[in-house]
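Okay, so here's the structure we're looking at.
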Amino acid sequence: MNVLFDEPGPRARRRIRVATVVSVLAGALLVALAVRQFAINGELDWKKWAPYTQWPNWRYLLTALGQTLLAAGLSAGLGGLAGLLLAVARVSRNVVVSGFARAYMETVRVIPAVLLIYVVLFVLPSLGLDLPLLWKLVVPLAVSSSAQFGEIFRAGILSLDRGQGEAAAALGLNNGQAMRLVILPQALRRVVPSLVSQTGGVLKDTSLGFFVSYAELLFSGKVLIGYYQNQLLIQTYLVIGAIYFTANYALSRFARWLERRGNSNRPPLGHYPGHR
Amino acid sequence: MDVLLDNLGTFAEGVATTVELTTLSFLGALAISLVIVTFRVSPVRPLRLFGTAYVEVFQNVPLLLWILFFVFGLPKLGIRFELFTTAVLAVAMYSAAYYAEALRTGINTVAAGQAEAARALGLGFGQSLRWVVLPQALRSVVQPLGNLTVMLLMNTALAAGAGLVELSTAANRVNLVEAEPILIFSGAAVVYALLALLITTATRLLERRLVIHR
Chain A
4 MNVLFDEPGP RARRRIRVAT VVSVLAGALL VALAVRQFAI NGELDWKKWA PYTQWPNWRY
64 LLTALGQTLL AAGLSAGLGG LAGLLLAVAR VSRNVVVSGF ARAYMETVRV IPAVLLIYVV
124 LFVLPSLGLD LPLLWKLVVP LAVSSSAQFG EIFRAGILSL DRGQGEAAAA LGLNNGQAMR
184 LVILPQALRR VVPSLVSQTG GVLKDTSLGF FVSYAELLFS GKVLIGYYQN QLLIQTYLVI
244 GAIYFTANYA LSRFARWLER RGNSNRPPLG HYPGHR
Chain B
413 MDVLLDNLGT FAEGVATTVE LTTLSFLGAL AISLVIVTFR VSPVRPLRLF GTAYVEVFQN
473 VPLLLWILFF VFGLPKLGIR FELFTTAVLA VAMYSAAYYA EALRTGINTV AAGQAEAARA
533 LGLGFGQSLR WVVLPQALRS VVQPLGNLTV MLLMNTALAA GAGLVELSTA ANRVNLVEAE
593 PILIFSGAAV VYALLALLIT TATRLLERRL VIHR
């Protein structure tokens, strides 16, 4: 229950019960209509699902999942590293450095990843740089996610109490030392949940491998659909969707768990670590 | 520059498609998200479950997969729309999950006393949501909704995967003929940046007018 309604009285309870029954019926009707639509178009036929009881097809898709995870891991790792540097640069007192970081982040934020992929596919080769297939996907994704990771790190740094930096200065640390020894360790811990959920975003973006013919899940699905002459299109997209959902949902639950754990572990106000 | 001027027609068409796609998807996403967020905060359990499931399912599966499924899958189930309509539908339904989450955060920022006051005036659930809570929730999430709309603009480029000739595809096509990738893709990037600037400016103006000082 939330702030929107009180503990319901007898009349409200009756209304809620009626609404519950009506919505369950409406939901059942929708599901029935969907199943009927599948059935009359022959999409429930056993021969259209049988290939997904065979190991070779699953092995193919699981290999593709591995490729997806590899690309996502590399993109998030590189993007995260670049983002960290960008965030530190952006809070720097050097106007040129912070200005550059800001301009980079603002620019990358407004360029679609697809366009970055076209740049890697067409601009770089014309400059004599032809990347291997995996990197044709990883480089644009790392670039496009670096700005988002940068924003997350920056938010973490800005969320710290000013006193932290002042205390570090009072101890005689210079800016670099204060950042490395005092600010970043605390800021990083705070943003871990956001980093994990951003990684989920990168995982979804690996589906752009579709444009570069890198054998991640979505492109492999296209190959599989072609192999079965478009007969298994619906089934393949549903199976692949389920795989994406499982991987990404696990990641987002993990992020939420980290967030809860982080909140409950934060010492109460006025508690000084070391003075237990 | 000649390359860009010679192909102005193709570019203009691409820009027009991207603008239309963004505008219609935005309106669709806003409408769907209002329904979903109402479901999520309603006292009726099945509706809450449906709202949660909607958000989780759409957020955890890539948009490109939704677009491909809608464009190539739905016709196999006997459901046919025009390509453009299908793309709008996919982008709107996907973005709605994100808009709904932002709105829910907004609802949580509305002070409990506001809802209590609404109830004290005798307003029911629907009335207090419509007249008291949602207007305030919307006003406090103008900025996040603006950011999500910039993301929506970027996401419309994925419609290229289903063969819709929007700005990024238009640029790609021009490049295949002219082979001037640096100029052409920079041109496209500038247009995207300008469109994003338009959205952020509108967001800022709206925010200045609507923000609630607490």
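One line per chain: the protein sequences are A and B, in this order. In terms of the numbering used here, the first sequence opens at residue 4 and continues consecutively. In terms of the numbering used here, the second sequence opens at residue 413 and continues consecutively. Built from N, CA and C at the ideal position, the CB exists for glycine as well.
Outcome for residue i when other beta-carbon atoms lying within 10 angstroms are tallied against a minimum of 16
i: Asp414 (chain B); result: exposed
i: Leu295 (chain A); result: The requested residue 295 (chain A) does not occur in the structure, where chain A is confined to residues 4 to 279.
i: Val602 (chain B); result: exposed
i: Arg621 (chain B); result: exposed
i: Arg157 (chain A); result: buried
i: Ile228 (chain A); result: buried
i: Thr561 (chain B); result: buried
i: Asn97 (chain A); result: exposed
i: Arg16 (chain A); result: exposed
i: Pro143 (chain A); result: buried
i: Asp48 (chain A); result: exposed
i: Met4 (chain A); result: At Met4 (chain A) the pLDDT is 43, less than 50, meaning the model places this residue with poor confidence; the figure from the coordinates comes in the next sentence. That one is exposed.
i: Pro474 (chain B); result: buried
i: Ile611 (chain B); result: buried
Below-8 Å beta-carbon distance, residue i vs any chain B residue
i: Phe248 (chain A); result: yes
i: Lys207 (chain A); result: yes
i: Pro13 (chain A); result: no
i: Gly82 (chain A); result: no
i: Asn251 (chain A); result: yes
i: Leu272 (chain A); result: Any reading at Leu272 (chain A) is ruled out, since the residue's pLDDT is 45, under 50, leaving its predicted position unreliable.
i: Glu46 (chain A); result: yes
i: Ser162 (chain A); result: no
i: Ala173 (chain A); result: no
i: Ala22 (chain A); result: yes
i: Pro196 (chain A); result: no
i: Leu118 (chain A); result: yes
i: Tyr121 (chain A); result: yes
i: Val126 (chain A); result: yes
i: Gln40 (chain A); result: yes
i: Phe213 (chain A); result: yes
i: Leu236 (chain A); result: yes
Cβ of residue i within 8 Å of any chain A Cβ
i: Gly518 (chain B); result: no
i: Arg457 (chain B); result: yes
i: Tyr511 (chain B); result: no
i: Asn587 (chain B); result: yes
i: Ser580 (chain B); result: yes
i: Tyr506 (chain B); result: no
i: Phe438 (chain B); result: no
i: Ile594 (chain B); result: yes
i: Leu700 (chain B); result: Because chain B in this structure spans residues 413 to 626, residue 700 (chain B) falls outside the shown range and cannot be described.
i: Val469 (chain B); result: yes
i: Val500 (chain B); result: no
i: Tyr466 (chain B); result: no
i: Ala549 (chain B); result: no
Span of the alpha helix (DSSP H) around residue i
i: Phe484 (chain B); result: Run containing Phe484 (chain B): none; DSSP gives neither H nor E here.
i: Trp138 (chain A); result: Leu136 to Ser162
i: Gln471 (chain B); result: Arg457 to Gln471
i: Arg542 (chain B); result: Arg542 (chain B) -> no alpha helix (DSSP H), and no H or E assigned at all.
i: Thr430 (chain B); result: Leu420 to Val453
i: Ala474 (chain B); result: The residue asked about is misnamed: residue 474 (chain B) is Pro in this sequence, not Ala. No alpha helix (DSSP H) holds Pro474 (chain B); DSSP gives it neither H nor E.
i: Leu595 (chain B); result: Pro593 to Leu622
i: Pro196 (chain A); result: Leu187 to Asp208
i: Leu36 (chain A); result: Pro13 to Ile43
i: Ile519 (chain B); result: Leu495 to Thr521
i: Arg585 (chain B); result: Leu579 to Glu590
i: Ser3 (chain A); result: In the structure as shown, chain A begins at 4 and stops at 279. Residue 3 (chain A) is therefore absent and cannot be evaluated.
i: Arg165 (chain A); result: Arg165 to Ala173
i: Gly525 (chain B); result: Ala524 to Ala532
i: Val562 (chain B); result: Val554 to Asn567
i: Gly573 (chain B); result: Looking at the DSSP string, Gly573 (chain B) is not in any alpha helix (DSSP H), and its letter there is neither H nor E.
i: Gly212 (chain A); result: Gly212 to Val215
**OP:** Report the residue ranges of all alpha helix (DSSP H) runs contained in full by the region 70–140 of chain A; include only those spanning at least 4 residues, in chain order.
**Re:** Counting only runs of 4 or more, we get 98–112 and 116–121.
**OP:** Check whether the region 239–259 of chain A touches the region 169–185 of chain A, taking contact to mean three or more Cβ pairs, one atom from each stretch, closer than 8 Å.
**Re:** no
Subject >> Touch test, the region 56–76 of chain A against the region 217–235 of chain A, Cβ-Cβ under 8 Å, three pairs minimum >> reply: Touching, per the Cβ criterion.
Original post:
Do three or more CB pairs link the region 197–205 of chain A to the region 94–111 of chain A at distances below 8 Å?
Top reply: no
Original post:
Given 8 Å as the limit, is there contact between the region 516–526 of chain B and the region 253–264 of chain A, that is, 3 or more CB pairs closer than that?
Top reply: With the cut-off at 8 Å, the region 516–526 of chain B and the region 253–264 of chain A do not touch.
Original post:
Quick check: the region 486–493 of chain B against the region 417–428 of chain B, are there 3 or more CB pairs under 8 Å?
Top reply: Cβ pair count under 8 Å is below three, so no.
Original post:
Is the region 184–195 of chain A in contact with the region 121–135 of chain A, if contact means three or more CB pairs nearer than 8 Å?
Top reply: no
Original post:
Counting Cβ pairs closer than 8 Å, one from the region 432–441 of chain B and one from the region 465–478 of chain B, do we hit at least three?
Top reply: no
Original post:
How about the region 37–56 of chain A and the region 228–237 of chain A: do they share at least three Cβ pairs that are nearer than 8 Å?
Top reply: yes
**OP:** Check whether the region 507–515 of chain B touches the region 550–560 of chain B, taking contact to mean three or more Cβ pairs, one atom from each stretch, closer than 8 Å.
**Re:** yes
**OP:** Count the CB pairs spanning the region 110–124 of chain A and the region 58–68 of chain A that are closer than 8 Å, and state whether there are at least three.
**Re:** no
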